[in-house]
Amino acid sequence: MSTALIDPALAACLQRFVQLDADTHTPHLDYVQRRRWMSELQARTLRTQPLPGITVHNHYVTEEGREIAVRSYMPSAHTTGQTLVWLHGGGWMVGSLDTHDDLCEHLAHYTGHTVLSVHYRRIPENPFPAAVDDAQAVLRWLHQMQGVMPFATQQVLLGGDSAGGHLALATAVRAVQTPQDDQAHIQALLLLYPCMLPAQDNDSMRRFAQGFGLTGVAMQQYWDALGGADDALRTPSLCLDALPLLPPTVIMTASHDVLRDEAEDFARQLQALPQGPQVRLQRAEGMVHGFARILVSSPVARQHVQTACRLLEQVCAN
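Going by this note's numbering, 528 is the number at position 303 of the sequence shown; the sequence numbering is gapless.
This is the structure in structure tokens:
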């Protein structure tokens, strides 16, 4: 793995992941099961003591034929009264509430908001747009639970990392295209190194296709597994009618990430709209894809996440 210009603490963590993958033999697991198991193992190797002052509870949103697991992270100094709904990354097929515990705790700590992490239905068992349906169901639940749950409010923030950022954007686009009075409204978006378009051919996809964590081949495999080719929400950045009506948006990319250029191109696309949303774009230098999920290993990664939280506060205040 090339580590030129990458934060040394982050590079060391990635090397541990490579060794963990090599040492873990799972011949009885298929590709999807192994990737999920490795993601959980990585999180366990990183997990530290929970941050003080954050109260964590599990909840279940009941929908017809299913339950959606959600986890709330409420700071003791919950003075903002706001809630950030978070959709975890993992190529739409990997990741869970547990893999994103550290990130969600830090988001609650840095923002002072309650963070509500959503374990949406994953591919390939649940074809797209099942995950967007689940995110929308959580927004309805937050509307219904006002006065019951302390974090249930009519205005919420929505965010996600990687594939979760894509899902957050798709959920916001759907909310613009088909407004609903019976769900919480999205006040702002926080997108960390989001996926935007399949089959990208740009500088970052070529430069970082190998040796920086997420590979170009793996990303295309995730897109192929996502399916939903006939659903416009599969590529929400191309829903041009909805983009001017999106809420204020913060986009943070990673300097050494195959997805860097497509996310930055999208941010500039939004910024160029004559009457589009307020957009703040920030590149996290020395970072690779997924740095926010492993921020406990890197003080620099934590600083970048904190910066993203400050930018979110700024767009909400304007």
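Every residue gets a Cβ at the ideal spot worked out from N, C-alpha and C, and that includes glycine. Computed from a predicted model, the values in this text were never measured in an experiment.
(request) Measure the alpha-carbon distance for D232 versus G511 and round it to whole angstroms. (result) As a working note, residue 232 is residue 7 in the sequence shown. As a working note, residue 511 is residue 286 in the sequence shown. Pairing D232 with G511, the inter-Cα distance amounts to about 5 Å.
(request) Name the two residues that bound the continuous alpha helix (DSSP H) containing M444. (result) For the purposes of this step, residue 444 is taken as residue 219 along the sequence shown, with counting starting at 1. That run of the alpha helix (DSSP H) goes 441–451.
(message) By the DSSP assignment, the alpha helix (DSSP H) with V398 in it spans what residues?
(response) In the sequence shown, residue 398 corresponds to position 173, counting from 1. Taken as a continuous stretch (DSSP letters only), the alpha helix (DSSP H) holding V398 covers 388–402.
(message) Taking only three categories from DSSP, how would you classify P252?
(response) For the purposes of this step, residue 252 is taken as the residue at position 27 of the sequence shown. Three-state result, P252: coil.
(request) Indicate the three-state DSSP secondary structure (helix, strand or coil) for Y335 in the structure shown. (result) Here residue 335 refers to the residue found at position 110 of the sequence shown. Three-state DSSP puts Y335 in a helix.
(message) Using C-beta distances below 7 Å, list every residue in its chain close to G501, excluding the 5 sequence neighbours before and after it, in chain order.
(response) For the purposes of this step, residue 501 is taken as the residue at position 276 of the sequence shown. The answer, listed in chain order, is L468, P469, L495.
(message) Considering just the uninterrupted stretch of the alpha helix (DSSP H) at L364, what are its terminal residues?
(response) Here the question's residue 364 lines up with position 139 in the sequence shown. Start and end: 355–369.
(request) With a threshold of 16 other CB atoms inside 10 Å of the CB of A533, please say whether the residue is buried or exposed. (result) The residue labelled residue 533 in the question sits at position 308 within the sequence shown. With 16 or more neighbouring CB atoms inside 10 Å of its own CB, A533 falls in the buried class.
(request) Ignore the nearest five residues each way along the sequence and tell me which others in N543's own chain have a CB closer than 8 Å to its CB. (result) One-based indexing of the sequence shown puts residue 543 at position 318. Cβ within range, chain order: P473, Q503.
(message) Considering only DSSP beta bridges, list what R431 is partnered with.
(response) Along the sequence shown, read from residue 1 onward, the residue named residue 431 stands at position 206. Bridge partners of R431: none, in fact.
(message) For V343 and W317, which I take to be in contact (beta-carbon distance under 8 Å), what is that distance rounded to the nearest angstrom?
(response) Here residue 343 refers to the residue found at position 118 when the sequence shown is read from its first residue. Here residue 317 refers to the residue found at position 92 when the sequence shown is read from its first residue. That belief does not hold up - the Cβ atoms of V343 and W317 are roughly 13 Å apart, past 8 Å.
(message) Can you look up S462 in the DSSP assignment and give me helix, strand or coil?
(response) Residue 462 sits at position 237 when you count from the first residue of the sequence shown. Taken through DSSP and simplified to helix, strand or coil, S462 comes out as helix.
(message) With three or more C-beta pairs closer than 8 Å as the rule, is the stretch 340–356 touching the stretch 287–306?
(response) yes
(message) Can you confirm whether the stretch 421–430 touches the stretch 399–406 when touching is taken to mean that 3 or more C-beta pairs between the two stretches lie within less than 8 Å?
(response) no
(message) Are the CB atoms of G320 and H313 within a distance shorter than 8 Å?
(response) Residue 313 sits at position 88 when you count from the first residue of the sequence shown. Residue 320 sits at position 95 when you count from the first residue of the sequence shown. Taking 8 Å as the Cβ cut-off, H313 and G320 qualify as a contacting pair.
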